[in-house]
Each structure stands twice: as structure tokens, then as C-alpha cells.
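Protein chains in written order, with my numbering: chain A, 56 to 573; chain B, 246 to 398. Every residue gets a Cβ at the ideal spot worked out from N, C-alpha and C, and that includes glycine.
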């Protein structure tokens, strides 16, 4: 399975010139910066710096772009933890527990955990890619639109059922998100729900909507607080605590491995990628944890689950790009452009003929993970100082940054206006216990879910029997049903289990009232 | 003895109103999409998901009547948030005329003033420097022009 002579050639290529390693450092720093500034995206960083790769050879270009990807994957977790603003869509789940940890004064630990999980995740992800690039590419080829639609529905159901206090409200949020995600010009050639605005022809700008619902709405909730961390003694930025958090990562070996496997698999599905891998990993971790109620309250396992998945999904999307020539998301789409700029076509032929380059890229990413530790530890203390900024300065600054960033994403005023509208929507959702994350992921993936359903319909000719030819689709749909019913069943079983001692210890006349109290 | 039926609180009434508003949004979108085209490819996702959402809204509506949600302990009062939302809306909507530089400076300055900062040098200094640094950074980084009043876009 592993071509050892190509491995040797790859290593010689990688160490043939120091330029291959020197180019990684600015790449990681660019990624960290773009990931850490709300509104700036990894794909944007890569697109901006893509012309620079014209002056590089193909190998240098790939290493430069993948290092931006690696730095950005971690960078997005910094605002997610410190400000509840997922710097990128792949850091959404990081904010679920990272931000509550920050509010408890555990921001140093959370940042250290995120850095540790990201670095180990990259190592595991590329390790899996090194061992399994062949089988992964074969598996991905078998994923059709029906599987993609099923994965999207499963992801949203999971998020909806687990991220809101009310399961029904959570699923309603996800479904409304999916419907909003289909606004605009559709694959079927019709325009819907645009209210006559040309800005909505391409649909609701998903990332500005995400910034509005997650970040701006949270800032509205914090207008009356003095500091992000209320206790002055907990506001310290400590490299020791960050390092302790980094070391703490190894206490979650199963969490990292599970997150990494989910990340590689989901990340390799074209189009779905890291934006859903981190969420599914988080939800699976929450379901399997002995204390699922602690998730969302600042459980370090939540940060580990999300960060390990989003960093490994990079390796998954690289597998699809290298093996099939299909980009998994915006970032790998830019890489595909770099392929074209260097007259190289990704796909089975590339893997077969340029195996040494593939292995060199994989080994360079091992190096990137190690360099990320150093650079991350160097810059985190600087970035973590945000907890010392009074909220009356932080709130308008971050709101303004969101507006700038959203304009940067759309190139017109639809971005800032989307942030404003969805900030209000997010605030209402949070106030009445609707799932903001399910709605956001729905908006992000609504268009893709519809396209997948259309392709499935076209391939199947509208015959339901087609589903029986797709066992993977049926398996994912069964998982969806288990996710829906499983939570309710678990609640019933838990309630019954909790009631048993009550029944044993109280007399018959008290039973009913006690049960109701429970 | 029948237990006294408690009247719905203000929070619970607004909660139900939000639910009805969401259901109405879904119905409006379906009607809009249907008027655009009744072809199956246009409604393949919208029709089943609309039906499902409305069904869940109905279940939730009934549940909220039978077992109203407990009022969530919100840290922020609506009265304290509405001025911030209004200020943010004015900021976002006036950007094409004020430009990102001046608009941001005014927004940050106004926010600081409304939230207790009374040291004028701090208000002016911070809002000016923040707006300038961020505007210049984004002007340099973005490949397309941003509306600006003072800085060249």
C-alpha cells in the first residue's frame, strides 16, 4: 500500500532545499492571522496570496498554501474561544465549550487545548493520509449525492437535537436554516425568496450570517458585563497555563482519535468538509460522554473533539484533492487553482506519477504541525490579552471588525446588512432557546443539500427503489433516525432510572408528586 | 381540587409569538417558491421541509401551551440591548454614506459614551485610532474598494 521508494524520494525532495521549510513559517503566520481575525477566512488568505505562488515551484506553492491552511485551522479557534466568534466555519463547535471556559477564566487552558488538539490532529490526519490515501480515494469515489444529502441531514439533526434545550426547537432551527440556505437562484433555474434584491440572488451570505448569529448576538448579551472574564484574578494570561492546557490534551486520547477519524472521513467528502466535521465530532463526543450535560458549559473534551476534527479534516480534504482532483471546500479550491497555475492536474494520475510529491506534502505537514506548536505558543499569549479589555471597548470593536470582515467576504453592503439582520435573529434565537448552530449550519449547507437531492432525483429517475441500491445512504439515514429517537429514548430511560430509587424510598401516596417533581 | 391554571407570562407569550413568526416565515417562503415554479426540482427540498417544519412548529406550539417553558435567566434586559441593536443598525445602514472609516469612528465613540466612558481623550483617541488602523488594514488586504470618506478606498 505504501510505496517506500516514493517515500524516500519525497523525503529527499523535502530536504533538498531549506526554502521548502522557510516558506512554511510565513504561511502559518498568515493563516494564524487570517483565522484569528473574525471575518477573514482561510480561503480568503489563500486566494490573496495565490499570486505569490507564481514565483514558486509547485512543491513550494503547495507547502506555502497548506501551511496557511494549517495555521488558519487553528487560528479560527482563537476568536471562537476568546470572543465566541468562530474565526472560520470549521471552528463553530470550538466556541461551544471554549467560550464558556474563557468566561470561567480558563481561557489559557482552552487555548492550549485547542493548540494541542490541532497539532496532534494534523499529525494523526496526515498519518492516516500517509497510510490510507489509496483506500480513502476509492471510498470517496463511492460517495454519491444521496450520501451527501443524507450526511447533511444527519449532521443538522444531530446539531439540532443536541445543541438546544428543546429537541423540537433545535430541529426547527436546523430546518429553517436549511430553507434559508436555499434562498436565491436555484439549480432548477428559478429565483426564490429574494424580495427583489439582487444581493440575494446568490443566496444569503452564509459566513456573514454566521458572524451575526454567533458573534454579534452574543455581544448584545454581554453589553452589561464589565469584562469577558468577570473575576479579575482569572484574567491573567499565562504561558504556563497555556502549556498546561497543551499538555492536558494527552488526557483525551480517545477524544482526539475519534475526532481525527471523523475529521478525515467527513473532510474527505467534497463540499462538506471541516464545517460539518467539527460539529459531528462534537456531537458524537457529547453523546458518548458520561456527563453530556457538562458540554456547552466549558467541558475541555468539547474543545478537543472540535479542534481534532477540524484539523484532520484538512488532511481529508487534501486526500480528495490529491487523489481525485476535487476540492473539498473553499481552501482546497484555491489549491486546485494553484495546481492549474502550475499546469498540474490532480487525480489518480497525479497520485500515480507524482507519488514522491504527495509524500513530500504529507511529511511537510508533519513538520507544519510541529512548527505550529512553536509559533502558536509564541503568539497565543499576545492574542489571549483580549480578556483584559473592558467590554465597553471590546463590544464596539468586535462588532466593527465583524462588519469590516463581512464586507470583505461579500465585496458589497450585503455582508454588513446580513450581519446586522442575523445578529438580531441570533439574539432572539438564544433568548428563546432555539439552536443558533443548527440554523447556521443549515444556512451553510442548504444549497448543497438541495443540489444533492436534485442530483439524486435525476440519477434515480424519481424511483425510491434507488435508495436500496445505496446501502451507505440507508445506513446514514438510519443513523439520523437513531439520533432523533436515541435522544428521546435515552431521556426516557434516564428518567426511568432516576425514578427507581425515588419509588423505592417513598410511600405510595407520595409517588406521583415526586415523579412530577423529577 | 383542580390546580390553578397559571396565566402565561410575558416571556412565554413572546416565545409563542416567535414560534408563530417562524412558521409564518416558512409558509411565506414556500408560497414564494411555489409561485416561482411548481416543478419538482424547485420544490424537492422546500416542500417536504416546509411540511416537516410546520408539523414540528405545531407540536412545539401545543407543548408550550401544555407545559410552558420556564423563563430563562437572561443576563441582559431587553431595555439595555435595544439601544445597542439600534445603534448597530444605524451604523451598518449608514456605511455607504459615512464610509467605513468615519462610520466606525462615530459608532465606536457613541458606544463608548453610551456605556459609561466619560474621558473625552479616551473616546476620541480610541475611536479614531481603531477606525484608522482597521480601515487601513482592510483597504490594504481587500482586492475591491470599500466605501470610505477620509481614506482613499
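{"Asked": "Cβ of residue 430 of chain B less than 8 Å from any chain A Cβ?", "Found": "The question about residue 430 of chain B has no answer here: the residues shown for chain B are numbered 246 through 398."}
{"Asked": "What alpha helix (DSSP H) runs, 4 residues minimum, are completely inside the stretch 466–494 of chain A?", "Found": "469–486"}
{"Asked": "Can you find the residues in the same chain that come closer than 8 Å, C-beta to C-beta, to residue 473 of chain A, ignoring five residues on each side of it along the sequence?", "Found": "259, 260, 263, 264, 267, 461, 465"}
{"Asked": "Using the rule of at least 16 other Cβ atoms within 10 Å of the residue's Cβ for burial, across every protein chain shown, is residue 312 of chain B buried or exposed?", "Found": "exposed"}
{"Asked": "Put residue 246 of chain A into one of helix, strand or coil per three-state DSSP.", "Found": "strand"}
{"Asked": "If we count the other Cβ atoms within 10 Å of its Cβ and call it buried at 16 or more, is residue 386 of chain A buried or exposed?", "Found": "buried"}
{"Asked": "Quick one: any contact between the stretch 121–136 of chain A and the stretch 79–90 of chain A, if contact means 3 or more CB pairs under 8 Å?", "Found": "yes"}
{"Asked": "Do residue 227 of chain A and residue 257 of chain B have their C-beta atoms within less than 8 Å of each other?", "Found": "no"}
{"Asked": "With residue 497 of chain A and residue 235 of chain A assumed to form a contact (beta carbons below 8 Å), what rounded beta-carbon distance in angstroms separates them?", "Found": "7 Å"}
{"Asked": "Give me the chain A residues within the contact set of residue 341 of chain B, using Cβ-Cβ distance strictly less than 8 Å, ordered along the chain.", "Found": "468"}
{"Asked": "Assign residue 240 of chain A to one of three DSSP states: helix, strand, or coil.", "Found": "strand"}
{"Asked": "Does residue 254 of chain A have its Cβ less than 8 Å from a Cβ in chain B?", "Found": "no"}
{"Asked": "Relative to the C-alpha of residue 444 of chain A, which residue among A:224, A:424, A:176, A:282 is closest?", "Found": "A:282"}
{"Asked": "Could you check the C-alpha separation between residue 101 of chain A and residue 493 of chain A for me, to the nearest Å?", "Found": "28 Å"}
{"Asked": "List the residues that DSSP assigns as beta-bridge partners of residue 445 of chain A.", "Found": "A:282"}
{"Asked": "Quick one: is residue 284 of chain B buried, meaning 16 or more other Cβ sit within 10 Å of its Cβ, or exposed?", "Found": "exposed"}
{"Asked": "Can you tell which of A:294, A:150, A:242 has the C-alpha that lies nearest to the C-alpha of residue 504 of chain A?", "Found": "A:242"}
{"Asked": "Identify the continuous alpha helix (DSSP H) that holds residue 309 of chain B and give its terminal residues.", "Found": "291–311"}
{"Asked": "Run the CB neighbour count on residue 530 of chain A, radius 10 Å, all protein chains shown included, and call it buried at 16 or more, exposed below.", "Found": "exposed"}
{"Asked": "Mark residue 184 of chain A as exposed unless 16 or more other C-beta atoms lie within 10 angstroms of its C-beta, in which case mark it buried.", "Found": "buried"}
{"Asked": "Quick test of the definition: if touching needs 3 or more C-beta pairs under 8 Å, does the stretch 380–391 of chain B touch the stretch 473–482 of chain A?", "Found": "no"}
{"Asked": "Grab me the residues of residue 201 of chain A's own chain with a C-beta within less than 6 Å of its C-beta, minus the 5 sequence neighbours each way, in chain order.", "Found": "511, 525, 528"}
{"Asked": "Of all the residues that make up the stretch 484–511 of chain A, which are near chain B by a beta-carbon distance shorter than 7 Å?", "Found": "486, 487, 488, 504, 505, 508, 509"}
{"Asked": "Classify residue 149 of chain A: buried if its beta carbon has 16 or more other beta carbons within 10 angstroms, exposed otherwise.", "Found": "buried"}
{"Asked": "Exposed or buried, which one is residue 141 of chain A when buried takes at least 16 other CB atoms within 10 Å?", "Found": "buried"}
{"Asked": "Measure from the alpha carbon of residue 74 of chain A to the alpha carbon of each residue in A:119, A:433, A:65, then state which is nearest.", "Found": "A:119"}
{"Asked": "Would you decide whether residue 489 of chain A is buried or exposed? Buried here means 16 or more other CB atoms lie within 10 Å of its CB.", "Found": "buried"}
{"Asked": "Please name the residue in A:80, A:208, A:158 whose C-alpha comes closest to that of residue 534 of chain A.", "Found": "A:208"}
{"Asked": "Evaluate residue 329 of chain B with the Cβ neighbour count: other Cβ atoms within 10 Å of its Cβ, from every protein chain shown; 16 or more gives buried, anything less gives exposed.", "Found": "buried"}
{"Asked": "Can a CB atom of chain A be found closer than 8 Å to the CB of residue 301 of chain B?", "Found": "yes"}
{"Asked": "Below 6 Å CB to CB, which residues in the same chain sit around residue 353 of chain A once its five sequence neighbours on both sides are set aside?", "Found": "152, 155, 156, 159"}
{"Asked": "Run through DSSP, which three-state label would residue 521 of chain A get?", "Found": "helix"}
{"Asked": "Who are the Cβ neighbours of residue 523 of chain A in its own chain at under 8 Å, not counting the five residues just before and after it?", "Found": "529"}
{"Asked": "Are there three or more Cβ pairs, one per stretch, closer than 8 Å when the stretch 292–309 of chain A is compared with the stretch 422–439 of chain A?", "Found": "yes"}
{"Asked": "How would you list, in chain order, the residues of chain A whose beta-carbon sits under 7 Å from the beta-carbon of residue 254 of chain B?", "Found": "In chain order: nothing, as chain A lies at least about 13 Å away."}
{"Asked": "Which residue wins for smallest C-alpha separation from residue 259 of chain B, given the options A:238, A:483, A:223?", "Found": "A:483"}
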